[in-house]
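When the sequence shown is numbered by this note's numbering, its final residue is 400 and no position is left out of the sequence of numbers.
Don't be surprised by glycine CBs; every beta carbon is placed ideally from N, CA and C.
Let me begin by presenting the structure, written as structure tokens, before commenting on it.
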Amino acid sequence: MATGKTTIEISKDGPYIVTGACRVLDARGAAVPVRGRFALCRCGNSSRKPFCDGTHAKIGFSGMRFATGTSAVVESYRGKRITIHDDRAICAHAGVCTDSLPGVFRLGKEPWIDADGAAAEAIIALVKRCPSGALSYSIDGGSADSEPRERAITGSRDGPFHVTGDVTLKSEDGIAPRFPDRYTLCRCGGSKNKPFCDGTHWAIGFDESRGRQASVVVPPLGLKRFSWIAGSLLIVAAAAAILGIEAAGKWDARGFLGKAPVIPDLNLTLEILLVAGLTFGAWLAKRGNIGAHRYLQTVCVLLNTVLVALIMARGMENVALERFTDLAPVHYWVPWLHATVGTATVAGGLWLVLQMNGLLPRWLHVRAWKPLMRATLAGYWLVALLGVTTYYLWFLR
């Protein structure tokens with residue numbers, strides 16, 4: 004057994020830094036030679052797996068976590084001789100439980116765990132094989148003692164790192180595994196529960212034999228620099244076009260879509276493109292390309308803020324209210340609904356952008372990240388629909 008302290012430090016948007024004595028094994032159980040302090044890839048795109056080769060910087064890898072680490076409530080399933088505890092938040096979906104004891108771990112059934120579906124001894128043996136620590140057990144109300152394990156980091160085939168033994172996980176936010184002697188760390192780069200694996204490697208088809216994964220495209224100058232340059236140029240160009248039209252006195256000039264003036268046409272076009280961009284960004288996140296998702300969402304939300312400030316706020320002057328009954332006509336209440344939903348959606352979008360770019364203090368971070376992202380995207384879809392309806396009511400009806 005190794006002596007001394009072993010730590011895995013999670014570097015910001017970078018690799019796992021391993022310090023101390025620890026074996027590294029491949030999926031076949033063969034030892035991978037290591038010396039001293041070394042870095043393990045967690046973006047999924049290194050050409051020197053399992054080691055880091057710096058590719059994370061080129062692809063704009065983001066270590067942002069969209070989940071909450073471990074569950075606040077662990078589900079317990081009581082049987083006659085044994086109680087099984089399940090923490091879904093850290094399950095790596097290795098399939099050890101469902102493949103080995105389908106009578107206990109029953110996919111598609113409720114409750115999905117039957118603690119009397121097999122002998123207690125068989126369940127105990129299986130729980131000890133759970134690589135993520137999502138499963139644990141207790142007997143007669145007392146927690147079972149954990150057996151000593153060899154310190155090792157094992158790269159599973161096209162899957163996460165399995166960490167065993169007394170290996171301390173260090174991170175800026177202090178997140179810790181449920182069981183310090185067995186946990187799984189994402190190495191495909193796509194987990195929503197970083198640094199832990201959440202099974203995303205299955206969904207995105209992670210292939211450890213490849214260097215850069217098929218779903219990752221690196222533009223000229225690298226993803227981060229390209230995104231900021233292209234995004235800044237787009238935002239500046241849109242603002243310059245709007246201000247230029249106003250300076251030239253062409254605010255009410257004939258547009259390019261039909262009967263409406265040029266500014267409503269420009270606003271509607273950009274609004275639809277923004278929603279398309281945000282939807283594409285959500286797809287990128289689902290595919291595990293979190294870096295591209297982060298930069299695309301940031302650019303879209305900032306561009307939307309420019310449109311609100313320069314066009315939409317001014318457009319509300321045309322539906323100014325003197326009394327509440329003025330909202331009765333449909334061409335009044337639809338724009339006001341559009342403005343109300345739009346304000347809430349922009350606020351949610353800005354909050355998410357500030358958080359994902361590390362510009363919010365930690366005490367303001369939203370823990371229910373995924374629900375807020377989905378609600379915000381749904382809000383943008385609704386805003387686009389109301390925008391199209393407003394355009395129709397004002398200029399086409």
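| query | result |
| --- | --- |
| Boundaries of the beta strand (DSSP E) in which GLU12 is found, first to last residue | 9-13 |
| Which of helix, strand or coil DSSP assigns to PRO267 | helix |
| Contact between the segment 232-250 and the segment 363-370 (3+ Cβ pairs under 8 Å) | no |
| Alpha carbon of SER103 to alpha carbon of TRP339, nearest angstrom | 58 Å |
| Proximal residues to GLY263 (C-beta, below 6 Å), its chain only, five neighbours per side dropped | At residue 263 the sequence reads Ala, which differs from the Gly that was named. These residues qualify, in order along the chain: PHE398. |
| Supposed contact pair THR171 and PRO183 - C-beta distance, whole angstroms, cut 8 Å | 7 Å |
| For ARG26, the residue or residues it bridges with in DSSP | ALA155 |
| For TYR383, the first and last residue of its enclosing alpha helix (DSSP H) | 372-394 |
| Close-in-space but distant-in-sequence residues of the same chain around VAL278 (CB under 8 Å, 5 per side omitted) | TYR383, TRP384, VAL386, ALA387 |
| Inter-stretch contact at 8 Å, needing at least 3 Cβ pairs: the segment 107-118 / the segment 151-159 | no |
| Same chain, Cβ closer than 7 Å to LYS83, neighbours up to 5 away in sequence not counted | ASP119 |
| Residue range of the beta strand (DSSP E) that includes ILE142 | 138-142 |
| Touching by the beta-carbon criterion (3+ pairs, under 8 Å), the segment 283-293 and the segment 329-337 | no |
| Pair within 7 Å by beta-carbon distance, ILE238 and ASN270 | no |
| Distance CB(GLY258)-CB(ASP268) smaller than 7 Å | yes |
| Under the three-state DSSP convention, the category VAL369 falls into | coil |
| Sheet register partners of TYR80 (DSSP bridge) | ILE87 |
| Three-state secondary structure assigned by DSSP to ARG3 | Coverage of the chain is limited to positions 4 through 400, which leaves residue 3 absent and any answer about it impossible. |
| DSSP state of LEU172 mapped onto helix, strand, coil | strand |
| Complete beta strand (DSSP E) runs within the segment 90-142 (minimum length 3 residues, chain order) | 138-142 |
| Extent of the continuous alpha helix (DSSP H) to which ALA179 belongs | Where ALA179 is concerned, there is no enclosing alpha helix (DSSP H), given that its DSSP letter is neither H nor E. |
| Environment of GLU78 [buried if 16+ CB atoms lie within 10 Å] | exposed |
| 8 Å contact criterion, which THR379 and GLY351 should meet: CB distance rounded | 4 Å |
| Between the CA atoms of VAL302 and GLU274 - distance to the nearest angstrom | 13 Å |
| Neighbourhood of SER14 by C-beta, 7 Å cutoff - its chain only, sequence neighbours within 5 removed | ILE20 |
| Span of the alpha helix (DSSP H) around LEU305 | 293-310 |
| Under the three-state DSSP convention, the category PHE69 falls into | coil |
| Meets three-Cβ-pair contact criterion under 8 Å: the segment 80-99 and the segment 201-210 | yes |
| Contact under 7 Å by Cβ, MET319 with MET67 | no |
| PRO114 vs CYS55 beta-carbon contact at 7 Å | no |
| Beta-carbon spacing of GLY192, GLY47 below 7 Å | yes |
| Span separating the alpha-carbon of VAL391 from that of ILE62 | 36 Å |
| Three-state class that DSSP yields for ARG185 in the structure shown | strand |
| Proximity winner among PHE108, ASP255, LEU355, relative to ARG297 (alpha-carbon distances) | LEU355 |
| Exposed unless 16 or more other CB atoms sit within 10 angstroms - verdict on LEU246 | exposed |
| For VAL239, the first and last residue of its enclosing alpha helix (DSSP H) | 226-250 |
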